[in-house]
């Protein structure tokens with residue numbers, strides 16, 4: 125078996141998982157990357173505690189349901205005694221989705237399901253698990269390192285072109301409609317979105333959100349937010365009409381697009397291939413928003429690793445929309461917003477604390493739309 129030469133500053137991972145089969149598969153996937161090394165594996169939290177006496181990992185990959193001590197109890201102790209970046213990797217996504225949401229609230233950087241990875245050793249599966257670990261390593265739970273570039277080569281990265289065409293350069297301006305908000309987020313987005321949505325009132329413009337999250341988690345996430353917010357939050361269903369005081373969360377298995385109907389909008393939930401290695405994809409939502417809403421829209425790209433949404437935000441800005449990127453200081457991972465700024469898609473950057481206010485101002489017509497791409 126070929127041994128991958130490791131970087132001197134490789135991210136050190138501890139896998140805490142009771143299944144030897146899952147431990148072995150996860151270790152093989154992570155060890156395929158030169159910038160990640162599995163320093164230890166543990167069969168349960170007690171085993172992990174003993175092994176951590178010899179040295180702390182940079183990231184813990186943690187199962188939820190284990191004998192002797194469950195993953196949530198262990199997560200709570202980690203965050204209370206010595207906070208470390210934790211990625212939850214659970215095989216009980218449907219029955220345990222509320223538990224997984226609780227893990228995010230308790231401080232886990234990301235929750236992913238083993239079914240996402242499958243039983244294969246495909247490049248896509250390796251990239252998914254390795255990117256989750258990289259994002260966790262750079263999360264603001266501990267001092268950051270400079271992010272490293274993806275080391276694996278996968279299937280061709282598809283653009284939003286596979287779902288719908290871009291808005292033509294010579295297309296006429298979109299007629300005046302009701303305002304609409306499109307938001308994209310990934311790593312760190314669950315807490316960030318909760319902060320934003322709890323700051324909105326029922327008279328705000330309708331909001332459509334793509335949060336990178338495994339299938340079956342999005343419904344529980346939407347229900348939790350609905351209980352926290354004064355606006356109505358639900359998982360998007362095909363044909364939902366957008367109205368004031370409503371926020372739709374894209375399902376974890378489908379893309380979402382918009383259709384303009386008079387002065388309002390309908391949400392479409394559609395299948396299709398992964399775009400920017402995600403489904404749902406922020407690029408798909410933003411492209412659809414640029415085509416259907418133009419200058420009537422506000423696009424916001426929040427915390428997350430990678431570049432999904434950066435190109436779509438450029439298209440929104442070209443169409444006259446106001447576009448905002450979450451600033452580096454308030455991001456858990458400054459990846460997607462950074463790419464939007466670098467590519468010229470964001471009109472400006474704003475702190476997480478100010479995003480809800482920006483949305484309310486736009487809803488009230490106090491935040492002018494952008495009318496040109498600029499330099």
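Residue numbers (the working numbering): 125 to 499. A virtual CB, placed ideally from N, CA and C, is assigned to each residue, including glycine.
Nearest-angstrom Cα separation, counted from residue j out to residue i
i           : j           : result
residue 340 : residue 289 : 29 Å
residue 471 : residue 307 : 15 Å
residue 166 : residue 403 : 32 Å
residue 212 : residue 416 : 37 Å
residue 171 : residue 188 : 15 Å
residue 270 : residue 350 : Any reading at residue 270 needs caution, since the residue's pLDDT is 40, under 50, leaving its predicted position unreliable; the model's value is listed next. Taking the straight line from one Cα to the other gives about 36 Å.
residue 421 : residue 364 : 18 Å
residue 195 : residue 136 : 20 Å
residue 178 : residue 379 : 45 Å
residue 368 : residue 355 : 9 Å
residue 283 : residue 447 : 20 Å
residue 450 : residue 412 : 21 Å
residue 385 : residue 483 : 22 Å
residue 236 : residue 376 : 11 Å
residue 318 : residue 224 : 16 Å
residue 408 : residue 199 : 35 Å
residue 139 : residue 342 : 25 Å
residue 157 : residue 344 : 33 Å
residue 249 : residue 456 : 23 Å
residue 490 : residue 419 : 14 Å
residue 465 : residue 436 : 12 Å
residue 146 : residue 423 : 39 Å
residue 469 : residue 197 : 42 Å
residue 181 : residue 251 : 20 Å
residue 381 : residue 148 : 39 Å
residue 361 : residue 193 : 38 Å
residue 480 : residue 374 : 19 Å
Residues of its chain near residue i, where Cβ-Cβ distance is below 7 Å and the 5 sequence neighbours each way are ignored
i           : result
residue 191 : 142 and 168
residue 383 : 389, 390, 392 and 416
residue 256 : 211, 234 and 236
Cβ shell of residue i (< 6 Å), same chain only, five flanking positions each side left out
i           : result
residue 92  : What is shown of the chain runs 125 to 499, which leaves residue 92 out entirely.
residue 260 : 183, 209, 211 and 233
residue 357 : 346, 349, 350 and 371
residue 467 : 434 and 438
residue 133 : none
residue 414 : 291, 439, 440 and 443
Per-residue burial, residue i [other beta carbons within 10 Å of its own, 16 or more giving buried]
i           : result
residue 387 : exposed
residue 201 : exposed
residue 397 : exposed
residue 152 : exposed
residue 286 : exposed
residue 150 : buried
residue 206 : exposed
residue 326 : exposed
residue 453 : exposed
residue 488 : exposed
residue 238 : buried
residue 335 : buried
residue 309 : buried
Neighbourhood of residue i by C-beta distance below 8 Å, restricted to the same chain and skipping five residues each side
i           : result
residue 155 : 128, 161 and 162
Proximity test, Cβ basis, 8 Å: residue i and chain B
i           : result
residue 451 : The structure shown contains no chain B, having only a single protein chain.
Contact between the segment 289-299 and the segment 430-445: three or more CB pairs below 8 Å? Per the Cβ contact rule, the segment 289-299 is in contact with the segment 430-445 (3 or more Cβ pairs under 8 Å).
Note down, one range per segment and in chain order, each alpha helix (DSSP H) of at least 4 residues found wholly within the segment 413-452. Qualifying alpha helix (DSSP H) stretches, in chain order: 434-442.
Any contact between the segment 429-441 and the segment 472-488? By contact I mean 3 or more CB pairs, one from each, below 8 Å. Counting C-beta pairs closer than 8 Å gives fewer than three between the segment 429-441 and the segment 472-488, which falls short of the contact rule.
Continuous beta strand (DSSP E) assignments of at least 3 residues falling wholly in the segment 126-155: Runs of the beta strand (DSSP E) inside the segment 126-155: 135-140.
Which complete alpha helix (DSSP H) runs does the segment 298-322 hold, if anything under 4 residues is left out? Correct list: 313-321.
Along the chain, which unbroken stretches of the alpha helix (DSSP H) at least 4 residues long are found entirely within the segment 376-415? Here no run is fully enclosed.
Ignoring anything shorter than 3 residues or poking outside the segment 156-191, list the beta strand (DSSP E) runs there in chain order. Within the segment 156-191, the complete beta strand (DSSP E) runs of at least 3 residues are 160-166 and 183-186.
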